[in-house]
Amino acid sequence: MLVLMRLYAKSGVSELWNAIEFQKRNLYWKEINPLYAIQQERKRYLSMVLDIKNFESFQRLFLNNIATMTPVKKIMTIPIMSPIYFPLPKDHPTDFIRYQVFLRVSPEKYNEVYSKIITLKYPEDIIVTYLSHSFGDDDMIISLLARDRETALDFVNDSIGKIDGVFAHDTSRVIRSEYLLPPDKAQAHKARFLYSTPAGKKGEFSNPDAYEKYIKERTPVTVIVRLFAKKSLSKLWADIENHIPKFESKELVPLYASQQEEQDYISVIFEATNFEVLRDVLTKNIPTLVDVRKTRTIPMLEPCYYLMPKKHPENLERYLINIQVEPNLFQQVRSKIVSHNNPDNVFLSYIGYVLSGDDDIILSILADSQKTARTFAKEVFEQMEGVHTYDISNQLKTRRLASKSRWKQHQGKYLSSYDKQHRKDYDRRFDWTDDYYEYALMSGAYHLDMEE
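Under the working numbering, the first residue of the sequence shown carries the number 3, and numbering increases by one thereafter.
Structural data, given as structure tokens:
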């Protein structure tokens, strides 16, 4: 499974590049392969693409090592889906300049735009070498070679930018790039996704068996998909209720949906065997939700759930706290949160890393009032070492989308180790994802009389 990681520099990007060069021998583990790094003009980050076999190893080993690099200010992780490497044309020029192109695409046009870029007629002074979905800040990434800057910008503006469905694009020159793998392993990586012909010509994958094996790899991951409404959040919520539970399969489980106050999106949390399974939902199924204007996909790393003690207040409300953290203190901050001696009217429901670029840790709590929740957040986070900022918002609606058994199966895998060992001390009836008789009661009030 491929992940694009953007490392934002505290000071100079060149300093960060030098730190990666110095540390790269320490960035290899059995289940994590850093593939290559790219530096672009006008960007305050370096991009690193990783091949990950185990997301728990990604957090536990790789990110903790990267975070100790003093030049790193923040980290963003973005799923890469359906990558294609195009071979260079015969007798191609050797003095072309490389550019990265980032596209924002209307959800209902994801597949059409992707296919159009493969088959688009390219002039001799433009060579497209790479294409993928990304679904982070951007929806697609293109790498191309051009004779000069003017040629690249004109082609993107006049051709790619005018493809039906593309509503925004950004182009930047690649200052330097470097494979982090030995040459033989770099070639093996490209071979899995290599097309049989240069971009713009009819072709297919050169090694379909290798590509088929890739899309069937089991790399379980929990993912937050933010669905941004065109106009109406209520219409989007109804669409989610009506359609997304039908997407459940052996490879993909829509777990629950949540709506936060003062946000123009609804979050749907999925568990997937890999990103490619989720790609099918994003490009084929979700566009049927007519009120979606864009999507954003955020992997959740090391999710951990907590149970409710038998004695607790009634009519609890759920709040989400988004926290931005100093990268080299990720683990320390998380440990302090989960070990904090909470008051008897505040309860943790889950915690996880998100590394969205805006936030690093999300924490869901249950409290008996907004005042209680905000007082708790202020007391815990305002003086905590390593916390840059935090934001707390009420969860207006929450609904479980998976069957109760699939949800319990997922929750059980990531349940706090203490809670697993002391289940008898917790209220087995209480579940913050339970559905209720009237949505008017879902403004944060969670009833306690729901039996399994």
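Just so you know, even glycine gets a beta-carbon here, dropped at the ideal spot from N, CA and C.
**Request:** Would you mind listing the alpha helix (DSSP H) stretches within the stretch 372-442 that are 4+ residues and don't spill past its ends, in chain order?
**Result:** Runs of the alpha helix (DSSP H) inside the stretch 372-442: 372-383, 406-415, 419-423.
**Unbroken beta strand (DSSP E) run spanning L6, endpoints** = Its beta strand (DSSP E) spans residues 4-11.
**Request:** Determine the burial state of E319: buried for a count of at least 16 other Cβ atoms within 10 Å of its Cβ, exposed for fewer.
**Result:** Only buried fits E319, as 16 or more other CB atoms lie within 10 angstroms of its CB.
**Message:** Can you check which of these residues, F332, D293, K252, N396, is closest to N276 by C-alpha distance?
**Reply:** For N276, the nearest C-alpha among the options comes from K252.
**Item:** Residue closest to D393, alpha-carbon to alpha-carbon, out of A240, K406, I363
**Value:** It is I363 whose Cα lies nearest to the Cα of D393.
**Collapsed DSSP secondary structure at S208 in the structure displayed** = S208: coil per DSSP, three-state reduction.
**Request:** Rank D140, A148, D127, I128 by C-alpha distance to the C-alpha of T299 and give the top, closest one.
**Result:** Minimum Cα distance to T299 is reached at D140.
**Request:** Would you kindly check if the distance between the Cβ of T221 and the Cβ of M7 is under 8 Å?
**Result:** Not closer than 8 Å, so no.
**Asked** Can you list, in chain order, the residues of its chain whose CB lies under 6 Å from that of D346, leaving out five sequence neighbours each side?
**Response** In the same chain as D346, and ignoring 5 residues on each side of it, no C-beta atom comes closer than 6 Å to its own.
**Prompt:** Roughly how far, in whole angstroms, is the beta-carbon of D150 from the beta-carbon of I119, given that I think they are within contact range, below 8 Å?
**Reply:** In fact, because the Cβ distance is near 21 Å, the residues do not count as touching under 8 Å.
**Prompt:** Residues in its own chain within less than 8 Å of Q199 by CB, not counting five upstream and five downstream?
**Reply:** Inspection of the sequence shows that residue 199 is occupied by Thr rather than by Gln. Excluding residues within five positions, the ones whose Cβ falls inside 8 Å are F88, P89, G205.
**Prompt:** Would the beta-carbon of S84 fall within 8 Å of that of S134?
**Reply:** With contacts defined as CB atoms closer than 8 Å, S84 and S134 qualify as a contacting pair.
**Prompt:** chain C beta carbons: is any one of them nearer than 8 Å to that of D166?
**Reply:** Included in the structure is just one protein chain, with no chain C present.
**Asked** Relative to the alpha-carbon of Y197, which residue among A212, V327, L147 has its alpha-carbon at the smallest distance?
**Response** The option with the nearest alpha carbon to Y197 is A212.
**Message:** Taking contact to mean 3 or more Cβ pairs, one atom from each stretch, closer than 8 Å, check whether the stretch 241-258 and the stretch 320-333 are in contact.
**Reply:** No contact exists between the stretch 241-258 and the stretch 320-333.
**Message:** For the beta strand (DSSP E) containing F169, name the first residue and the last one.
**Reply:** Segment 168-181, the beta strand (DSSP E) holding F169.
**Item:** Whole-angstrom C-beta distance between L48 and L18, which should lie under 8 Å
**Value:** The pair is a contact, with the Cβ atoms about 6 Å apart (cut-off 8 Å).
**Request:** State the Cα-Cα distance for the pair W434 and A240, rounded to the nearest angstrom.
**Result:** C-alpha separation (whole angstroms): 20 Å.
**Prompt:** How is R281 classed by DSSP in three states: helix, strand or coil?
**Reply:** Here R281 sits in helix by DSSP.
**Asked** First and last residue of the alpha helix (DSSP H) that includes I268?
**Response** From DSSP, I268 is part of no alpha helix (DSSP H) but of the beta strand (DSSP E) over 267-274.
**Request:** Can you check the stretch 15-55 for any beta strand (DSSP E) of at least 3 residues that lies completely inside it and give the ranges in chain order?
**Result:** DSSP runs (the beta strand (DSSP E)) wholly in the stretch 15-55: 34-42, 47-54.
**Prompt:** Taking C-beta to C-beta, are E263 and N113 nearer than 8 Å?
**Reply:** In this structure, N113 does not lie closer than 8 Å to E263 by Cβ.
**Request:** Using alpha carbons as the reference points, say which of D421, L280, G388 lies closest to I217.
**Result:** When only C-alpha atoms are compared, the closest one is L280.
**Asked** Of all the options S179, K232, Y258, which has the alpha carbon lying nearest to the alpha carbon of I226?
**Response** Nearest option by C-alpha distance: Y258.
**Request:** Express the C-alpha separation of S358 and S351 in angstroms, rounding to a whole number.
**Result:** Looking at the backbone, the Cα of S351 and that of S358 are separated by about 21 Å.
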